[in-house]
Structure formats: structure tokens, C-alpha cells
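Residue numbers (our numbering), protein chains in the order written: chain A, 1 to 464; chain B, 1001 to 1464. Ideal Cβ positions, reconstructed from N, Cα and C, are used throughout, including at glycine.
Quick look at the structure:
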């Protein structure tokens, strides 16, 4: 989408704050930073900087804060809710070049720059038998800084938790350019307010994360996986709720609906999935007990009338996971004149998962929308991507109505409007419904941490 | 210790705010709430209230806030750092009678009142095969509200995490009496600032927690345990660091030093432990793979010259855990004229565990103190309890010097001044060293959430 025009913030001051080669004022560069990976409308920044160090981040923020110039932090730009779109113009501060990595294998932790890409980090960790474990889709683009900003997670959160669960320490630059360390490299502490948890998930609206100390897990010695098909999406999703409710802790358990499989089959020449409601189940363990767990999981699937159980070996598994990650591009490519209107991301208590899956299906039918669904089902997390003709305003409107109805249903079921993508621009309107009076406390934190309101304006919190 | 005298806050207003039977002004009652389980000096409150509902908590806080009367929240009173001592007088607000429990077994969660005792909750959960898992020592006294306030943890945190990791949702009453809900009953969310994490570990200085929705884990089907002795504390603690560094995830791994075993042997008529540096190792699993893990753990212990490996069956294990929990009373009883001067509670990165164990031993020798040590070693957490004659001021002073030197060493090693007991009164003086400039951000949160400074004054944050 064409970037919106923007009010002009004079950013010439940046030339005396940071090395020439780390500032761009040229339109051609600014244009690249007007949007992110989301379908949200972009907006042109007035300048882009990519500091090489924490001190440079601090210098930029101090100067911008003095002048009241907005700063939108960014790194991978893979956000799906417009989290990194510079909605008020000003400066895009790209932390992508802060990319040091120091691994402390004996402490099962690593200290890394905000710009380190998730997959690159895990490649470095693999030589130590370790892994940063949330398991995100955009693994070759998303950075650790961005993951902290949105509290990202994905395939493996069901076993290993979301990004928050692994953050032991943060280095953060405040709106006025102070550098603070929050937390330390220990697995637990009760020493005062947990500032790191204030910054995790705050999407750059409270400070800019420059360095992160992460807890790691061992790469499991054994992995078993199966693709399991079911007679209906209801049975598939009930099997997930039963498995989790019985305290099985899978490495991953993904729900893929028939429409998503149709879209994937159309995307590939060389892979073909059976077009039935499917679970992709993966188990992790360090000992042979994994076979008992696998038998237990299979018995639960049988209880729900499973149609087929197709064990996947390591090579097949890589293909299957790649397909799962390709669901978004495959959805975009499915119909040459259509595109994804939005990427739904609700989460509900696991016992309500069948209901939210059913809601997406029913409302899509009612609104005459084609909506492929996948989900990190073990977390109660469901993604849905209604496909629309972007030039058909009425159709786009229907997709947003679907989102609205599904999000409100998720909140009614005791869930949340976003499981892992963050609030960004797209979920702001649900914040008051979801949080009630707590919004006022969030607002007071924002005002305290960023009194001039320069950090990622018009994100996360709804308008007052 | 005799409660200090206190300035008089007029608390007569409480009689019109809350039912008669829920307020006490009598000295005999107030005296019971002047101290907690810690060795810190007590102080008399001017009144004690024990609200039966969230609305009553809100009414008390709104009225106290209007009048600038201090309110110190409390429930179990088992804190070890003076967390619940009403340092500025005023009102002790006891949440012990808010004790409803609603279990949602299919969602692996429970919603409970702040006054529910840890062990009582786990008894109710056991019928569902579930457990709230941090595994604390004062399990028959400590309440869920208190555990949230201090971010408590214990024996089983090495596998299951600290209290924070299990808190999905909080109901909190703010200083001015607003009731807010933070979070929801889902395993993950990225919907705005994580207010629940601001309140967890804030020791009642930012708000009063009235209700908690907790994530639960399944009770493991299999448990194996062993008492393992080593030729030296250095080898015992190195074995722990190696086990954790190799990504073994035990259910518990406790270090017990020779002095602690001497103290325990003196405490019991019917139990006798070999007085050697000892690890109590426990493994949890749902399948037979546990035997492989046990063999792996044993091999690590052998690498460190283990002297004996004594498997414990379920009945023995209960006795051993009771002994471990009795370490504090046993230390207090060891010498009829002595008492525990303080309960040390440092935590370090696991690779530095041998160093911190050695530091306590060396400094104790240097200062001529008898200091039994135990620790949740798998977390890098060490407790040490120097024994002193409370009437010997110089000896008490030496115990505090030991604490000072060990805490500063822990911080130097990249650790924290408190792993699980909280800051309370005793650790305030270390906060600036531990947190640096981050203290100013903590202070700004306190000022924003509690502008009149009525909530648990003189706790957590150091004097400005």
C-alpha cells in the first residue's frame, strides 16, 4: 500500500548526533521503512537511523526527546500488526546492526544484541547443543529485539513458553536517552519490581531494547512427529484440548484446517497434503520415554475418531514445518487478484479452543469469506487470514468484521485479542474491552516512562 | 523482639468503612501483627483489618488513601525479610480470609483468593491430578497472595519456575481503591503492558492482590530420588552446575552442607544423616524414561567423586523433605541461647554456584560464625543462616557483615541479592548496587501507582 504523507519533522539534527553513514534522509531509503510485513497502511518517516551501539541509540533518543520528534524502533520489520510503522512520521530507529552474541553455555544463557536474527542465533547456539525456543514463523527475519518488543512466540511455546519466559535481563534505552539494565543473568530473583517484564511486550513504546540476556534450553535428543487427520475441525480441536488437559507437554501441536491445506497444496508443485482437518504433533525428550508419550498422544487422537496417523521422519518434518511457515505467503499467492486482509491472532483458554475454531468457520461462512486457519493449538492460539480482493472495499470491510467478531468472541471466552503478534495499530481498538480499568494503569506507565510521547506514537494504547 | 513504638495514626474511621468484626484496635491483637517470621524488629500497627472480599479491601484502601494512613498488606506472615512488618504503623490489611478456590482442570488453571494457603491449595488440586508447583518451605503457612507479593519459589522451581511463571491473571486493588484485572486465563498474550508482572514481586507496595489465576502442572506419574554425598562442598556444587549445564531438568536438586546436617541430626531423635556435603536429587516424569535420566544424573555425580548414592523411596522421601523444610527451626533450636541472625538468600548464575558456596564458608570461618547452608542449587540459589547469641551485639554484627559480603559477592558474580524471599526491609540497602539507574524507573512506578505513599512504606526501594 502507498505510504501516507506525513507531517514534516525536521531531522537535520541527526547529522550531528550520529555518524553520517548511519543516517538516511533520502526518500528512496525512507520509503523502505514506511511499512512492515503487515497489511496495515504505511507512513513515511522523515529519517532513518541504524545505530551501531547502545551509546548511539542513547544519543539519538536524547536528541529526539529534546525536540519532541517521534521515534519508532524497528529491526526485522516482520511484525503483522503495523508495530513498526512510523505512524507519526519522525525517525525510524533500526536496531538491526546491533548484533553481537555472547554464549554462556554453562549457564544455559546468551547475551545478544537486539538486531540478531532468531534463526542466526539458533545456528550459533546449535554448536553448544542449545536453543532459544519459542519457535516463530518468521524465523529468518525476526530479530531478538523485535521478539522482546512483541513478546513473540510460536510453534514451540506450548512446551518452552513465550519470549517473556526466557528473558533474564534487558539493556534498555529510555525515551530521554538513559541506559538502564533490568534484571540479571539468573533464573529467578525477587529483587524489586520486574522492570524487564514492563519492557517485554511494550512494542518500543516505553524504551528501546538494545541487548537481551536469554535463558536457553537443551536441544532435545529425541524428536517424534506425526501428521494426524480428523473427520472434523471440531474433533481435531477437541483432541488438542484433551491432550493439553491431560498434562501432556508436546514440543508442538499445530492445528491446520482444510482451507489452509488447500492453499498450501496450490502453492507447491512437489508437496501434497490430504485436505482434512489436521494436527501436526511433535514430541521432544532426552530419553526413550518419548515412545510412551507418543502412544498416549495417539490414543487421545483415536478417542476423537482420527482418520489417519502419519509419522514423519526428520527429513519429512523439515518439509512439513517449512509448509507450515509458508502458510502466510501461500495464502497471499492463492488467488492472483486477492491478498490477505489481515492476520488474525486470538488466544483462548485451551478448553474453549473448539469454540473459537468454530466461530471463525461460522462467521466466515456467514460473511462469504475464504479464511485459511492455522494455530499453535496447544496454547489456545488461532491464526486466521481472510482472503480478499484489496480493491473491493466492501469485501475488505467484511474481513475486518470477521476479525472484530472473532476477537470479541475470544475476549468473551476469557481470552486475548493477540497471542503473539502484539497490539501495534490493529488491536488498539480492542484494548479497552480486553483490559477495562487496567488501561488507565498502562497509560500512567506510558506517561511516566515517555512524558513527551516520542516513542512509537499511536501504538498499543487506545486514544484517551 | 519487642515491637518498636509507633507514631499514632488515627484509625477510628475504619469502623465506618468495614464491618466491626473485621477490624481490631485492641493492643493484644495489634501486637500479633507487629512482626512476621523474620528476625527483623517488629513495629506495632494502629489497627488490623481482615476484609472478607475485594470490595472491602477497596473500601479500606480508598479511605486510608484519603487520609494518608499507611497500609501494610499481609496474609501468611511467613516472610523472612520483614516484608509484612508495618514499619510506619497504620493499618495491617490481612487478606487471609479471602480464600475461595475455583479449579478449571481442563485449562490447567485455578482462580484463588489471596488468602489461600499453598498446601491447602495443592490438597484441593491433587484430586484433579494437578499442582501449583514452585515448592516452598513454609508450605503450611504461606498464602498465594504472599507468594505473588514476593515472587516466591522453592524446591521445585528448577523444573517448574518461580511464582511469576505461573501467574496468568491478577485482581489487584490500587492504592486509591480501584479494582483492576491484569491479564487473563490464557497461557500467553501480547496484548499491551504486562501489568500482572509489575505487581508480582512488588511486595504490596504498588497494590493489594486479592485474587490470582494460576497455571498448574500435572502431578508427575513417576518420581525418583537419591541422597548423594560428596567428598567436599566444592565437588557437590560442581556436580549441580554440571547437571544443569548439561540440560538435565530435575524436579528438585538441593544442596545441604555438613553444618546443616549436623544441625538437623541434633534436632531429631529418629533421623540421622551422614554428615557430608549432600545433594538431594529428585527427578519427575510421566514415563519410564526417568530411569535413563537417573542413570545420567548418577554418572555426573560419579564424575565428581561421589561418596554414596542412597535412593529414597516415597516414604523416606517425605521424611527427607520434612527435614529439609525443618532446617530453619532446627537451626534456631541448635544452641539453646542462640538464634538465627538472618536468612541469607542469594542467587547466582549456575556456573558460579561453587564460588558462592565457597564464599559463605570462607567468610564464616574468617568471622568465626557457625553458618548452616542449604540451597535450591539447581537455580543457583543459596540460603545461609548464621547462628548467634542475640544478646551479643558484636556477634550479631559479624553475622550481618557475613550477609553483606556474600550479597555483594553474589551481585559481583552477576547474581541477585534475593532469589525468593524478596527485598522487604533487609535487602533495601543492596538495591542501588544491584540495579543501578533502573532504581529510578522503579521509583517512578511507585510514585505513579501510589502517589501518597501509603502502601507498605519503607519496603523494597531504598531511601531516595
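Simplified DSSP state of residue i, which is helix, strand or coil
i                       : result
residue 1146 of chain B : helix
residue 529 of chain A  : Residue 529 of chain A falls outside the range modelled here, since chain A spans only 1 to 464, and no answer is possible.
residue 215 of chain A  : strand
residue 1018 of chain B : coil
residue 85 of chain A   : coil
residue 274 of chain A  : coil
residue 1339 of chain B : strand
residue 256 of chain A  : strand
residue 329 of chain A  : helix
residue 1011 of chain B : coil
residue 152 of chain A  : coil
residue 25 of chain A   : coil
residue 1105 of chain B : helix
residue 1202 of chain B : coil
residue 1001 of chain B : Interpretation of residue 1001 of chain B is limited by its pLDDT of 47, a score under 50 that renders its predicted location unreliable; the figure taken from the coordinates is listed afterwards. The answer is coil: DSSP assigns residue 1001 of chain B none of H, G, I, E or B.
residue 371 of chain A  : coil
residue 178 of chain A  : coil
residue 1310 of chain B : strand
residue 354 of chain A  : helix
Residue i versus residue j - alpha carbon distance
i                       : j                       : result
residue 320 of chain A  : residue 265 of chain A  : 12 Å
residue 283 of chain A  : residue 1093 of chain B : 47 Å
residue 64 of chain A   : residue 250 of chain A  : 47 Å
residue 418 of chain A  : residue 406 of chain A  : 11 Å
residue 466 of chain A  : residue 22 of chain A   : With chain A running from 1 to 464 in the structure shown, residue 466 of chain A is simply not present.
residue 1112 of chain B : residue 116 of chain A  : 41 Å
residue 1430 of chain B : residue 1279 of chain B : 30 Å
residue 1002 of chain B : residue 1340 of chain B : With a pLDDT of only 49 at residue 1002 of chain B, under 50, the local geometry of the prediction cannot be trusted, and the value read off the model is given with reservation. About 17 Å.
residue 1475 of chain B : residue 1386 of chain B : With chain B covering 1001 to 1464 only, the question about residue 1475 of chain B has no answer from this structure.
residue 139 of chain A  : residue 150 of chain A  : 14 Å
residue 1268 of chain B : residue 1179 of chain B : 48 Å
residue 452 of chain A  : residue 1062 of chain B : 30 Å
residue 354 of chain A  : residue 74 of chain A   : 36 Å
residue 70 of chain A   : residue 328 of chain A  : 31 Å
residue 20 of chain A   : residue 100 of chain A  : 22 Å
residue 1163 of chain B : residue 304 of chain A  : 35 Å
residue 190 of chain A  : residue 375 of chain A  : 35 Å
residue 1310 of chain B : residue 1261 of chain B : 16 Å
residue 1041 of chain B : residue 210 of chain A  : 42 Å
residue 1227 of chain B : residue 54 of chain A   : 48 Å
residue 125 of chain A  : residue 1330 of chain B : 45 Å
residue 15 of chain A   : residue 97 of chain A   : 18 Å
residue 158 of chain A  : residue 377 of chain A  : 8 Å
residue 1460 of chain B : residue 8 of chain A    : 45 Å
Assumed close pair residue i, residue j - CB separation to whole angstroms, cut-off 8 Å
i                       : j                       : result
residue 77 of chain A   : residue 84 of chain A   : 6 Å
residue 167 of chain A  : residue 216 of chain A  : The pair is not a contact, with the Cβ atoms about 12 Å apart (cut-off 8 Å).
residue 208 of chain A  : residue 57 of chain A   : 6 Å
residue 68 of chain A   : residue 454 of chain A  : 6 Å
residue 1297 of chain B : residue 1248 of chain B : 6 Å
Does the count of Cβ pairs from the segment 378 to 398 of chain A and the segment 342 to 358 of chain A closer than 8 Å reach three?
-> Three or more Cβ pairs drawn from the segment 378 to 398 of chain A and the segment 342 to 358 of chain A lie within less than 8 Å of each other, which places the two stretches in contact.
Given 8 Å as the limit, is there contact between the segment 1359 to 1369 of chain B and the segment 1236 to 1245 of chain B, that is, 3 or more CB pairs closer than that?
-> Of all C-beta pairs linking the segment 1359 to 1369 of chain B to the segment 1236 to 1245 of chain B, fewer than three are shorter than 8 Å, placing the two stretches out of contact.
If you measure beta-carbon to beta-carbon, which residues of the segment 431 to 461 of chain A are closer than 9 Å to chain B?
-> Correct list: 431, 434, 435, 436, 437, 438, 439, 440, 441, 442, 444, 445, 446, 447, 448, 449, 460 and 461.
Do the segment 1321 to 1328 of chain B and the segment 1226 to 1240 of chain B touch if we need at least three Cβ pairs shorter than 8 Å?
-> Short answer: they don't touch.
Specify whether the segment 1391 to 1401 of chain B and the segment 1125 to 1132 of chain B touch according to this definition: at least 3 beta carbon pairs, one from each stretch, less than 8 Å apart.
-> The answer is no - the segment 1125 to 1132 of chain B does not touch the segment 1391 to 1401 of chain B, with fewer than three Cβ pairs under 8 Å.
Does the pairing of the segment 428 to 440 of chain A with the segment 192 to 199 of chain A give three or more beta-carbon distances under 8 Å?
-> At 8 Å Cβ cutoff, the stretches do not touch.
The segment 1176 to 1205 of chain B: positions lying closer than 8 Å to chain A by Cβ | So the list reads 1178, 1179, 1180, 1181, 1182, 1184, 1185, 1186, 1187, 1188, 1189, 1190, 1191, 1192, 1193, 1194, 1195, 1197, 1198, 1200, 1201 and 1202, given in the order they occur along the chain.
Residues of the segment 102 to 121 of chain A whose Cβ lies closer than 9 Å to any Cβ of chain B, in chain order = Hits within the stretch, in order: 104, 105, 106, 107, 108 and 109.
With 8 Å as the limit, tell me which residues of the segment 354 to 375 of chain A have their beta carbon closer than that to any beta carbon of chain B; keep them in chain order.
-> Within the segment 354 to 375 of chain A, no residue has a Cβ that lies closer than 8 Å to any Cβ of chain B.
Return the residues of the segment 1147 to 1158 of chain B that lie within a Cβ-Cβ distance of less than 9 Å from chain A, sorted by chain order.
-> For the segment 1147 to 1158 of chain B, which is checked against every Cβ of chain A, the residues closer than 9 Å are 1150, 1151, 1152, 1153, 1157 and 1158.
Taking three-plus beta-carbon pairs below 8 Å as touching, is the segment 1169 to 1186 of chain B in contact with the segment 407 to 417 of chain A?
-> Touching, per the Cβ criterion.
For the segment 1277 to 1297 of chain B, which residues have a beta carbon sitting closer than 9 Å to at least one beta carbon of chain A?
-> So the close ones are 1285, 1286, 1287, 1288, 1289, 1290, 1291, 1292, 1293 and 1296.
Report yes or no: do the segment 1179 to 1193 of chain B and the segment 1142 to 1162 of chain B share at least 3 C-beta pairs separated by less than 8 Å?
-> Counting Cβ pairs under 8 Å, fewer than three are found: no touch.
The segment 421 to 428 of chain A in contact with the segment 201 to 215 of chain A per 3-pair CB rule at 8 Å = Yes, since at least three Cβ pairs between the segment 421 to 428 of chain A and the segment 201 to 215 of chain A fall closer than 8 Å, the two stretches touch.
Against chain A: residues of the segment 1335 to 1356 of chain B by CB proximity under 9 Å = So the close ones are 1345, 1347, 1348, 1349, 1350, 1351 and 1352.
Taking only beta carbons into account, state which residues of the segment 226 to 247 of chain A come closer than 8 Å to chain B, listed in chain order.
-> From the segment 226 to 247 of chain A, only 241, 244, 245, 246 and 247 have a Cβ closer than 8 Å to chain B.
At a Cβ cut of 7 Å, what residues of the segment 410 to 421 of chain A count as close to chain B, listed as they run along the chain?
-> Taking 7 Å as the Cβ-Cβ cut-off against chain B, the residues of the segment 410 to 421 of chain A that qualify are 414, 415, 416, 417, 418, 419, 420 and 421.
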